[in-house]
Ligand SMILES: Nc1ncnc2c1ncn2[C@@H]1O[C@H](COP(=O)(O)OP(=O)(O)OP(=O)(O)O)[C@@H](O)[C@H]1O
Ligand SMILES: Nc1ncnc2c1ncn2[C@@H]1O[C@H](COP(=O)(O)OP(=O)(O)OP(=O)(O)O)[C@@H](O)[C@H]1O
Ligand SMILES: [Mg+2]
Ligand SMILES: [Mg+2]
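Residue numbers (this note's numbering), protein chains in the order written: chain A, 3 to 222; chain B, 3 to 222.
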């Protein structure tokens, strides 16, 4: 499903280099709910961006559903990101000038889904995260946890086979966060793959499998 | 120290009104470490923005150190915000085009502090949050938890008597988050006031006192 082999990522900063990932290998199967844990700055978001085809590794290889990502053009990668992957960003990355509903319909624009169905699917995704009464708000008119849930709904609306959620419950209270985890578990039960980056040990315990990053390497 | 009486806040949205706060009263003394908890959307950030003089209540009154805030001009409020209050925003609100060090020196610009001392105090604040090796980075070149710690350092650098921290450990692992809480406890021991909004029951348990918001009202 997801096969990462010896991924490294370096950032050159003038004379110094930040080694964000130092050789990470990971295999994730369909139906898995995997938690990636680790200290602040250990490379979790960097790893998620590589798996999500949002960035390219310095060295190493990645395959999704048996297909290597390295050889693909930017257009092909954009199709994969839109059709196969749903990404919940750590900082949400919502568009502040359009409404909550419009934010969630955006990924459906590329897929040839008609406007009526787009609206229905977006409303349904927002209902699943408890935001039916905020459809016309703009992101700046929402609480932090409400913005986080819009980001989650947006990642779900294309019904992708891989969901990459970077700290999806960080801004949520226990009860609301638990509802999101139950949603992810239901998605895995359908045979999809969900990877959750989290600091919360309770979230880690909820997931079927956990790995830990430290200084750009997976701990055993 | 902080005296809030029957604070309400309404947002008019076309025909409907969101009642974010419905009459909140709160007294906080010097030296207190107070946790404000509650579900997503319950009004925590709204309450913090009112206490921090970043916004005005629809009705109700607020006094800081015995001085009512209602009568003050925008200039006087700006001085209070800069000298008396350090605010850690839930979304950090860092300036992305300047470096980490420059972000943290910014609040010192208004206080007549010379450039050499500004740099020293900013470095010292960043050292306290474990970011001495990221001074020249820009916020976009940091992890989520590193950005959060820059926001915390920036709130501390003016040595304010009131610190308002909106989910200051939300993006941090257990160990890094604990170091931040220890820092807040040390600040309270100096006679300052720290209010922390949190979803994390462990953070709530760490604080000397807890209140809970639900639907814009404090629960007993
Ligand atoms: N500018 C605004 N216009 C309209 N409604 C708003 C605005 N800002 C906040 N709200 C609403 O006010 C309510 C309280 O928001 P607030 O940000 O205080 O919640 P919170 O307790 O901090 O939530 P969280 O834990 O998710 O950060 C929310 O329901 C939100 O949708
Ligand atoms: N564009 C960049 N340029 C330079 N360094 C970077 C850049 N992006 C990230 N880094 C560095 O790479 C390291 C890993 O960052 P990453 O965002 O993956 O951490 P993380 O594990 O997600 O942390 P957190 O839990 O705080 O979100 C950090 O030390 C960060 O400072
Ligand atoms: Mg991260
Ligand atoms: Mg909030």
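Cβ coordinates follow ideal geometry from the N, Cα and C atoms, glycine included.
Note that the structure is predicted; figures quoted are calculated from it, not measured.
Per DSSP, residue 29 of chain B is paired with what? Counting from 1 along the second chain, the entry for residue 29 of chain B is found at position 27. DSSP output for residue 29 of chain B lists B/5 as bridge partner(s).
Is it the case that the region 160-174 of chain A contacts the region 196-207 of chain A, given that we only count it when at least three CB pairs across the two stretches are under 8 Å? yes
For residue 164 of chain B, which beta-bridge partners are listed by DSSP? Within the second chain, the letter at position 162 stands for residue 164 of chain B. Residue 164 of chain B pairs with B/87 and B/195.
Just list the residues that DSSP pairs residue 11 of chain B with in beta bridges. For the purposes of this step, residue 11 of chain B is taken as residue 9 along the second chain, with counting starting at 1. Answer is B/23.
On the three-pair Cβ rule with 8 Å, is the region 67-80 of chain A touching the region 13-23 of chain A? no
Taking Cβ-Cβ distances below 9 Å as the criterion, which residues of the region 170-204 of chain B are in contact with chain A? 171, 172, 173, 174, 175, 176, 177, 178, 179, 201, 202 and 203
What does residue 143 of chain A reach in chain B if we use C-beta pairs closer than 9 Å? The residue given as residue 143 of chain A occupies position 141 in the first chain. Per Cβ cutoff of 9 Å: 13, 15 and 20.
So, are the CB atoms of residue 24 of chain A and residue 219 of chain A less than 8 Å apart? Sequence index remark: in the first chain, residue 24 of chain A carries index 22 (1-based). Sequence index remark: in the first chain, residue 219 of chain A carries index 217 (1-based). In this structure, residue 219 of chain A lies closer than 8 Å to residue 24 of chain A by Cβ.
Can you name the residues of chain B whose CB is closer than 7 Å to the CB of residue 147 of chain A? For the purposes of this step, residue 147 of chain A is identified with residue 145 of the first chain, where counting begins at 1. Correct list: 42 and 43.
Inter-residue Cα distance where the pair is residue 154 of chain A and residue 131 of chain A: Here the question's residue 154 of chain A lines up with position 152 in the first chain. Here the question's residue 131 of chain A lines up with position 129 in the first chain. Cα to Cα, residue 154 of chain A sits roughly 8 Å from residue 131 of chain A.
What does the Cβ neighbour count give for residue 95 of chain B, buried or exposed, with the cut at 16 atoms within 10 Å? For the purposes of this step, residue 95 of chain B is taken as the residue at position 93 of the second chain. Exposed, because fewer than 16 other Cβ atoms sit within 10 Å of the Cβ of residue 95 of chain B.
Opposite residue 137 of chain B in the DSSP bridges: which residues? By one-based count along the second chain, residue 137 of chain B stands at place 135. Answer is none; residue 137 of chain B lacks a bridge partner.
Where residue 14 of chain A falls, given that 16 or more other Cβ within 10 Å makes a residue buried: By one-based count along the first chain, residue 14 of chain A stands at place 12. Exposed, because fewer than 16 other Cβ atoms sit within 10 Å of the Cβ of residue 14 of chain A.
Using a threshold of 8 Å, state whether the C-beta atoms of residue 53 of chain B and residue 4 of chain B are closer than that. Numbered from its first residue, the second chain carries residue 53 of chain B at position 51. Numbered from its first residue, the second chain carries residue 4 of chain B at position 2. A contact, by the Cβ cut-off of 8 Å.
Between A/193, A/183 and A/146, which lies nearest to residue 41 of chain B when the distance is taken from Cα to Cα? Within the second chain, numbered from 1, the residue matching residue 41 of chain B stands at position 39. With distances taken between Cα atoms, residue 41 of chain B lies closest to A/146.
If I follow the unbroken alpha helix (DSSP H) through residue 99 of chain B, where does it start and stop? Stepping through the second chain from its first residue, residue 99 of chain B is reached at position 97. First-last for residue 99 of chain B: undefined, no H or E at that position.
How many angstroms separate the CA atom of residue 217 of chain B from the CA atom of residue 39 of chain B? Along the second chain, read from residue 1 onward, the residue named residue 217 of chain B stands at position 215. Along the second chain, read from residue 1 onward, the residue named residue 39 of chain B stands at position 37. Their backbone Cα atoms lie some 12 Å apart in a straight line.
Using CA coordinates, which residue listed in A/86, A/123 and A/176 is at the minimum distance from residue 103 of chain A? Along the first chain, one-based indexing puts residue 103 of chain A at 101. Here the closest residue by C-alpha is A/123.
In terms of DSSP beta bridges, what is residue 212 of chain A paired with? For the purposes of this step, residue 212 of chain A is taken as residue 210 along the first chain, with counting starting at 1. The partner list for residue 212 of chain A (beta bridge, DSSP) reads A/37.
Look at residue 105 of chain A and residue 97 of chain A and say whether their C-beta atoms are less than 8 Å apart. What you label residue 105 of chain A is simply residue 103 of the first chain in a count that begins at 1. What you label residue 97 of chain A is simply residue 95 of the first chain in a count that begins at 1. Their beta carbons are under 8 Å apart, which means residue 105 of chain A touches residue 97 of chain A by this criterion.
Residue from A/163, A/107, A/92 and A/56 whose Cα sits closest to the Cα of residue 78 of chain A: By 1-based counting over the first chain, the position of residue 78 of chain A is 76. When each option's Cα is compared against that of residue 78 of chain A, the closest is A/56.
When every heavy atom of ligand 3 is checked, does at least one fall within less than 7 Å of the C-beta of residue 29 of chain B? Translated into the one-based positions of the second chain, residue 29 of chain B becomes position 27. No, Cβ of residue 29 of chain B sits at least 7 Å from all heavy atoms of ligand 3.
If I follow the unbroken beta strand (DSSP E) through residue 221 of chain A, where does it start and stop? Translated into positions along the first chain, residue 221 of chain A becomes position 219. 219-221 is the extent of the beta strand (DSSP E) around residue 221 of chain A.
In whole angstroms, what is the alpha-carbon distance linking residue 151 of chain A and residue 135 of chain B? Residue numbering aside, residue 151 of chain A sits at position 149 when the first chain is read from its first letter. Residue numbering aside, residue 135 of chain B sits at position 133 when the second chain is read from its first letter. Near 33 Å, if we compare the C-alpha coordinates of residue 135 of chain B and residue 151 of chain A.
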